[in-house]
Amino acid sequence: MEGKVVARVGDHLFTEKDIDAEFARMPASFRRMKANPAMRANILNNLMTRYALAEEARRMGIADDPAVRRRIESTRTSILLQELNRRQRARLTPRDEKALRAYYEANAARFSHPERLHLRHILVKSKKEAERILRKLRKGADFADLAKKYSEGKGSRARGGDLGEITRGRMAPEVEQAAFALEKDGAIAGPVKSRFGYHIIQRLGRTPAGRIPFAQVKERIRRELEQQAFRRWVEQVRQKLGVTVLDPRYQRGPHTPGARPASPWHRSP
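For the sequence shown, my numbering assigns the number 127 to the initial residue and increments by one for each residue that follows.
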C-alpha cells in the first residue's frame with residue numbers, strides 16, 4: 127500500500143509513502159489523523175501544489191540564482207549537520223552505569239548540597255512593632271496570619287512569610303547568623319535588625335549538608351559525559367581536516383573578550 131501511486135504532476139509520481147512521510151513531520155495531534163481520508167487528500171493536494179510551484183521556479187531560472195543556490199546549500203548543510211548531531215550524540219551517550227557512578231564519585235563536591243534551612247519571616251520597619259508581634263507569637267498567635275497582616279516582605283507576605291529553603295550567602299548577614307543559630311524546628315529569633323528593617327525569623331526545617339543521591343543526578347551525568355565526548359569528537363574532526371585560520375584578525379583564544387561562541391549546528395543569523 128505504501129508504494130501505491132496515487133497522483134502525478136507531469137512525469138512526477140506521488141505515492142502513499144509520500145503522504146505518510148508528510149505525516150511523520152507533523153505534530154502528534156496531526157499524526158493521529160493519518161488514516162483520515164480527507165486529511166490525506168488535503169496533504170496530497172498540498173504536495174502537488176508545492177511540486178508544481180517548485181517546477182515553475184526552476185523554469186523561471188530562480189534555482190540558478192547564485193544567492194538562492196547559496197541559501198539552498200546552507201539549508202542542505204544544516205539538515206546534514208542536524209542529522210550528524212543526532213546520530214553522534216546517540217552513539218556517544220554512555221550506557222555503562224559503572225562509568226556514570228565513577229564520574230559521580232570522582233566529582234563528589236559537585237554532586238553535594240550545602241546545609242539548607244526552611245525559614246519564614248516577618249519584616250517590619252520599627253523595633254517596637256517587631257517586639258509587639260513577637261509578644262503575640264509567644265502568646266500563641268499564628269505566625270503565617272501575622273506575616274500576612276503585618277509583614278513588609280512583599281515577596282513572602284502572601285505566603286505567610288515563607289521563604290522556602292535558604293542556604294548561606296542568600297540573606298543579609300545579620301539575618302543569616304540568627305537563622306543558622308536556631309537549634310530546632312519551630313524556634314524563633316528576633317527582632318533582628320538589617321538594612322531592610324527588623325526581622326522575626328522562624329525555622330521550619332533543616333536539611334544537613336550532604337551528597338545528592340546518585341539516582342537524582344544520573345541523567346545529568348549522562349548528558350555531561352555525552353557532551354564531553356561530543357566536544358572531543360568535534361575537535362578530532364577539526365584536527366583531521368586541518369582547520370586553520372589564516373587571517374590573524376579571526377584568531378580566537380579560549381577567552382576572547384566579547385566573543386560569543388556560535389553553534390555550528392545552526393546557520394548564522
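The C-beta atom is built at its ideal place from N, Cα and C for all residues, glycine as well.
If we count the other Cβ atoms within 10 Å of its Cβ and call it buried at 16 or more, is residue i buried or exposed?
i: Glu361; result: exposed
i: Met297; result: buried
i: Pro70; result: What the structure shows of the chain is the stretch from 127 to 395, and residue 70 is not part of that stretch, so it cannot be assessed.
i: Ala154; result: exposed
i: Pro317; result: buried
i: Pro395; result: Since pLDDT at Pro395 reaches only 44, below the 50 mark, its modelled position is unreliable, and no value is offered.
i: Ile205; result: exposed
i: Leu139; result: exposed
i: Ser238; result: exposed
i: Ser252; result: exposed
Could you tell me the alpha carbon to alpha carbon distance between residue i and residue j, rounded to whole angstroms?
i: Leu243; j: Arg283; result: 18 Å
i: Met174; j: Ala341; result: 51 Å
i: Glu199; j: Asp222; result: 39 Å
i: Gly136; j: Arg185; result: 14 Å
i: Leu308; j: Ser320; result: 18 Å
i: Ala225; j: Tyr376; result: 39 Å
i: Val194; j: Ala232; result: 52 Å
i: Ala270; j: Ala335; result: 27 Å
So the alpha helix (DSSP H) residue i belongs to, where does it begin and stop?
i: Gln353; result: 340-367
Locate the beta strand (DSSP E) running through residue i, then write down its first and last residues.
i: Ile248; result: 242-250
i: Ala133; result: 131-135
Just to confirm, is the Cβ distance from residue i to residue j under 8 Å?
i: Asp288; j: Arg329; result: no
i: Thr201; j: Glu352; result: no
i: Leu249; j: Glu278; result: yes
Can you confirm whether residue i, when its beta carbon is compared against all beta carbons of chain D, has any partner nearer than 8 Å?
i: Asp144; result: Of the protein chains in the structure, only one exists, and it is not chain D.
Checklist entry - Of all the beta strand (DSSP E) runs that stay within the bounds of the stretch 256-331, which reach a length of 3 or more residues? => result Under the rule that a run must span 3 or more residues, the beta strand (DSSP E) segments found entirely inside the stretch 256-331 read 288-292, 314-320.
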